[in-house]
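Novice:
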Amino acid sequence: MLMIVVESHGSSPGKPGAKMAVTSHGECFGTIGGGALESALLKEARSALQEDGLEPRLRRLQHHPTRDGEASGMICGGEQTVLLYNCRQDQSALFRSLADNPQGVLTLSPAGIAFDDAQTLPESCRFTRQGDNDWWYKESVGWSKQAYIIGGGHVGLALSRILATLDFDITVIDERENLDTLTRNVYARQKLTLPYREIGTAIPEGSLIYVLIMTHSHYADQKIAECLAGKKVDYMGVLGSRKKIAQLKAKLAETLSADELQRIRGPIGLPIHSHTPEEIAVSIAAELIQISNSANSEPE
Numbered sequence: 508m509l510m511i512v513v514e515s516h517g518s519s520p521g522k523p524g525a526k527m528a529v530t531s532h533g534e535c536f537g538t539i540g541g542g543a544l545e546s547a548l549l550k551e552a553r554s555a556l557q558e559d560g561l562e563p564r565l566r567r568l569q570h571h572p573t574r575d576g577e578a579s580g581m582i583c584g585g586e587q588t589v590l591l592y593n594c595r596q597d598q599s600a601l602f603r604s605l606a607d608n609p610q611g612v613l614t615l616s617p618a619g620i621a622f623d624d625a626q627t628l629p630e631s632c633r634f635t636r637q638g639d640n641d642w643w644y645k646e647s648v649g650w651s652k653q654a655y656i657i658g659g660g661h662v663g664l665a666l667s668r669i670l671a672t673l674d675f676d677i678t679v680i681d682e683r684e685n686l687d688t689l690t691r692n693v694y695a696r697q698k699l700t701l702p703y704r705e706i707g708t709a710i711p712e713g714s715l716i717y718v719l720i721m722t723h724s725h726y727a728d729q730k731i732a733e734c735l736a737g738k739k740v741d742y743m744g745v746l747g748s749r750k751k752i753a754q755l756k757a758k759l760a761e762t763l764s765a766d767e768l769q770r771i772r773g774p775i776g777l778p779i780h781s782h783t784p785e786e787i788a789v790s791i792a793a794e795l796i797q798i799s800n801s802a803n804s805e806p807e
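In this note's numbering, the protein residues as written are 508 to 807.
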């Protein structure tokens, strides 16, 4: 049984796109928000798995006591709509093909499930409902957030480890040969060794692209930032102290426009007084979460 949060309002812990799978043996993967709400739906899902020919069903649950609908007993407030979809054996080929991370749109409706590699969505997911039997849920597939970490040192390794748990597609780039921390980085999908003067060819433009500059050289950071300043990406930042970033931006101001300079963030990471590579990685990851979630956040 596949459970998907298709709609949420207020402070509901499960946001659209959150998923949980339950097997016929009772194993669970993922989460739709936790708490009493999730527990209740788990019971329903396990029971429904024993039924044959189950149609997709929607459940609207509220996270506070109300007279109408079901309430979770949680004090966070808000509500969410969860789709329960019974995956059939004859759809196994479709689900296996999704493991290859193709690009397209996955659609679930009362008619079933389908994937179209010719479709695109302007957002990550969309839910439309006209009635109990007239609804559909669409989700973009294969359009994950992409992190380009320039510099394969200790912070790059620690950051890769964290971003891998946050559904980032990670590429690490360094010009040094046989770099131990790059060799040990098992979290990046791509590890490239190339001269930094060629960095412009390795970084694409587009939304959901995050560029993080953290090489072993202040001079290299400056030259890379100068080269990439014109790239249209969601995020570009340089690791370093306030003093280093001030000096770097003073140098960059000699060659870059005010708009280009404004797009370069620094120092990167939330101010949590981090010191170790792991702490610095946590601060950077937190900033990326803050930025990526802020555009789609709903007032509480």
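All C-beta atoms, glycine included, are put in the ideal place defined by N, C-alpha and C.
Name, in chain order, the residues that DSSP records as bridge partners for residue 646.
Specialist: Translated into positions along the sequence shown, residue 646 becomes position 139. Partner(s): 613, 632.
Novice: Expressed to the nearest angstrom, what Euclidean distance is found between the alpha-carbon atoms of residue 737 and residue 767?
Specialist: The residue labelled residue 737 in the question sits at position 230 within the sequence shown. The residue labelled residue 767 in the question sits at position 260 within the sequence shown. Those two C-alpha atoms are separated by around 6 Å.
Novice: Would you kindly report the start and end of the unbroken alpha helix (DSSP H) that includes residue 603?
Specialist: Translated into positions along the sequence shown, residue 603 becomes position 96. Counting along the chain, the alpha helix (DSSP H) containing residue 603 begins and ends at 599-605.
Novice: Under DSSP, the beta strand (DSSP E) around residue 516 begins and ends at which residues?
Specialist: If you number the sequence shown from 1, residue 516 lands on position 9. Unbroken beta strand (DSSP E) run through residue 516: 509-516.
Novice: List the DSSP bridge partners of residue 713.
Specialist: Position 206 of the sequence shown, counting from 1, holds the residue named residue 713. Paired residues: 740.
Novice: Starting from residue 497, trace the beta strand (DSSP E) in both directions and tell me its first and last residue.
Specialist: In the structure displayed, the chain extends from 508 to 807; residue 497 sits before or after that span and is not available.
Novice: Entirely within the region 656-721 and at least 3 residues each: give me those beta strand (DSSP E) ranges in chain order.
Specialist: Within the region 656-721, the complete beta strand (DSSP E) runs of at least 3 residues are 675-681, 697-700, 713-720.
Novice: Using 8 Å for Cβ pairs, my map puts residue 508 next to residue 539. What's the rounded Cβ distance?
Specialist: Here residue 508 is taken as the residue at index 1 of the sequence shown, counted from 1. Here residue 539 is taken as the residue at index 32 of the sequence shown, counted from 1. About 12 Å separates the two Cβ atoms, so there is no contact after all.
Novice: In terms of residues, what are the limits of the alpha helix (DSSP H) holding residue 553?
Specialist: In the sequence shown, residue 553 corresponds to position 46, counting from 1. From DSSP, the alpha helix (DSSP H) with residue 553 extends over 542-555.
Novice: In three-state DSSP terms, what is residue 558?
Specialist: The residue you call residue 558 lines up with position 51 of the sequence shown. Three-state DSSP puts residue 558 in coil, outside helix and strand.
Novice: Is it buried or exposed, residue 647, if we count other Cβ atoms within 10 angstroms and call 16 or more buried?
Specialist: Sequence index remark: in the sequence shown, residue 647 carries index 140 (1-based). Counting Cβ neighbours within 10 Å, residue 647 comes out buried, since at least 16 surround it.
Novice: Between the Cα of residue 723 and the Cα atoms of 597, 707, 746, which residue gives the shortest distance?
Specialist: If you number the sequence shown from 1, residue 723 lands on position 216. The option with the nearest alpha carbon to residue 723 is 746.
Novice: Inspect the beta-carbon positions of residue 529 and residue 566 and report whether they are closer than 8 Å.
Specialist: Against the sequence shown, residue 529 aligns to sequence position 22. Against the sequence shown, residue 566 aligns to sequence position 59. It is not a contact, given that the beta carbons lie outside the stated cut-off.
Novice: Tell me which residues share the same chain as residue 712 and place their Cβ nearer than 7 Å to its Cβ, disregarding the 5 neighbours each side in the sequence.
Specialist: Reading the sequence shown from its first residue, position 205 is the one you call residue 712. Closer than 7 Å at the Cβ level, and outside the excluded window around residue 712, lie 738, 739, 740.
Novice: Alpha carbon to alpha carbon, how far is residue 623 from residue 595?
Specialist: In the sequence shown, counting from the first residue as 1, residue 623 sits at position 116. In the sequence shown, counting from the first residue as 1, residue 595 sits at position 88. Their backbone Cα atoms lie some 19 Å apart in a straight line.
Novice: For the 8 Å Cβ check, are there 3 or more pairs between the region 655-666 and the region 715-730?
Specialist: Contact holds: three or more Cβ-Cβ distances are below 8 Å.
Novice: Any idea what DSSP makes of residue 484, helix, strand or coil?
Specialist: The structure shown does not extend to residue 484, since the chain is modelled only from 508 through 807, so no value can be given for it.
Novice: Going by other Cβ atoms of all chains shown within 10 Å of its Cβ, with 16 needed for buried, is residue 806 buried or exposed?
Specialist: Residue 806 sits at position 299 when you count from the first residue of the sequence shown. Note that residue 806 scores a pLDDT of 46, beneath 50, so its modelled location is shaky; the value from the coordinates is reported in the next line. Exposed.
Novice: Please identify the residue among 626, 779, 700 whose C-alpha is closest to the C-alpha of residue 794.
Specialist: Residue numbering aside, residue 794 sits at position 287 when the sequence shown is read from its first letter. That would be 779, whose Cα lies nearest to the Cα of residue 794.
Novice: In its own chain, which residues sit with a C-beta less than 6 Å from the C-beta of residue 536, not counting the 5 before and 5 after it?
Specialist: Walking along the sequence shown from the start, residue 536 turns up at place 29. These residues qualify, in order along the chain: 528.
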